[in-house]
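Worksheet: one structure, shown below.
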Ligand code: S3P
């Protein structure tokens, strides 16, 4: 059990860690390219190191520099068949993207993961990849890791996506680049588009028109240089913190502001929260600074396609319901049940522990403003980095609330506590 002393306010500037999704993709595409690529300011966390290790197993060489890594590779046409099982650790992105990438290799691979990842659905990628001709077998009726990819050649067909997931989309794109003719993927809703944008930097142009993505097979990816911006999903904890801790003022610096990721800003506007965004970049993925201060704010009901653009921020948004003027309700968010933990169950459990009235739905939750605090609340992190970080904020807000463990923060934000400490006013 761990608990934190009460913190009154948060004041100052923070640089959030580099983007997890972009780092995974930069490591993968640099290994796919033939030549020498550069990845500047990558996130080094448990998840992204799993992707890096996998890329080393197929032959890419990573040399650490002051700024990040130089990645040397002979390209995806010359990947080695790994001599061992690939461990994706806790990372759904590693597991899904690499299943797509390796499905097109005509080689033998075995992928596994930790206790949490082995419970998360893999059929969402196995099924569509099977339609392209991939030969993949997984535990319990082709659903769960460990999975085996047997040698096979992929064909170009049209696939209509069933799950609103950037991981599934990216798996199909990485497979499609290796098929014998064009693959067309129709997304069920707009999800984060880092794969499509970054491929352009590596010399590959996809034909994207609305929800339709056409992937033409390629012989090579050109080496490239990627500069990873701050992770919006990590910034979300500071956006939330400024609203939770009274008299706070936080400047969050160099955050990625890709609109497929930053839906939480739209949600905050809908809650009548004021903040300033200062965009720094003119081209490529936008990034910039966000200034936010403590203030009163309204509740909101969130549903529909925006859910895919706030998927990792929903736990933080739901916790804001504790301090809003009216309830915060989230629907159409079934996907939360199959993240690093069942995040609907986790948030319902913790917010009820604190004493809040919370309704649970199959596809979401409704959090009512907190009336009576339970000082003896025992919060649980469910081995989930994002739930652990919200628990830390709540323990500091109320002072002394117990949390079972917080080790999971290493997955995306290893120095979360140090960053918070640096702006605390006690
Ligand atoms: C990610 C996509 C999202 C997100 C995850 C990272 C990615 O998952 O929750 O943290 O990097 O593509 P889904 O695509 O499964 O929604």
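In the numbering used here, the protein residues as written are 3 to 428. Yeah, the Cβ is synthetic: ideal placement off N, Cα and C, and Gly gets one too. Predicted, not measured: the structure shown is a model, and the values here were computed from it.
Collapsing the DSSP output to three states places residue 71 in a strand.
The alpha-carbon of residue 175 is positioned some 48 Å away from that of residue 375. For residue 202, there is no enclosing beta strand (DSSP E); the residue is found in the alpha helix (DSSP H) stretching over 196-203. Every candidate alpha helix (DSSP H) stretch fails here, since none sits fully inside the region 355-387 while reaching 4 residues. Within the same chain, 156, 177 and 180 come within 6 Å of residue 106 by CB-CB distance, once the 5 residues on both sides are set aside.
For residue 255, the beta-bridge partners assigned by DSSP are 17. Put simply, the backbone Cα of residue 348 is about 13 Å away from that of residue 364. Only buried fits residue 233, as 16 or more other CB atoms lie within 10 angstroms of its CB. Beta-bridge partners assigned by DSSP to residue 216: 186 and 209. Here residue 152 is exposed: its Cβ has fewer than 16 other Cβ atoms, across all protein chains shown, within 10 Å. According to the DSSP assignment, residue 4 belongs to no alpha helix (DSSP H), since it is labelled neither H nor E. Relative to residue 61, the option among 259, 46 and 83 whose CA is nearest is 83. Fewer than three beta-carbon pairs drawn from the region 276-293 and the region 322-335 are found closer than 8 Å, and the two stretches are therefore not classed as touching.
The region 99-115 and the region 61-76 do not touch, with fewer than three beta-carbon pairs separated by less than 8 Å.
With 16 or more neighbouring CB atoms inside 10 Å of its own CB, residue 146 falls in the buried class. Within its own chain, no residue has a Cβ closer than 6 Å to the Cβ of residue 267 once the five positions on either side in sequence are excluded. Counted as a single uninterrupted DSSP element, the beta strand (DSSP E) harbouring residue 293 occupies residues 289-295. The C-alpha of residue 116 lies about 19 Å from the C-alpha of residue 338. C-alpha of residue 320 to C-alpha of residue 239: approximately 12 Å in a straight line. Taking 7 Å as the cut-off, the C-beta of residue 387 does not count as close to any heavy atom of ligand 1.
Here the distance from the Cβ of residue 94 to the nearest heavy atom of ligand 1 is below 7 Å. Between residue 258 and residue 24, the beta carbon gap of about 7 Å places them in contact (Cβ cut-off 8 Å). In chain order, 387, 390, 391 and 418 place their CB closer than 7 Å to the CB of residue 411, counting only its own chain and leaving out the 5 sequence neighbours on each side.
Shown here for residue 209: same chain residues with a beta carbon closer than 6 Å to its own, the five before and five after excluded, namely 216 in chain order. Counting other Cβ atoms within 10 Å of its Cβ, residue 110 stays below 16 and is therefore classed as exposed. Per the Cβ contact rule, the region 393-413 is in contact with the region 42-60 (3 or more Cβ pairs under 8 Å). Rounded to whole angstroms, residue 253 and residue 150 show a C-alpha spacing of 46 Å.
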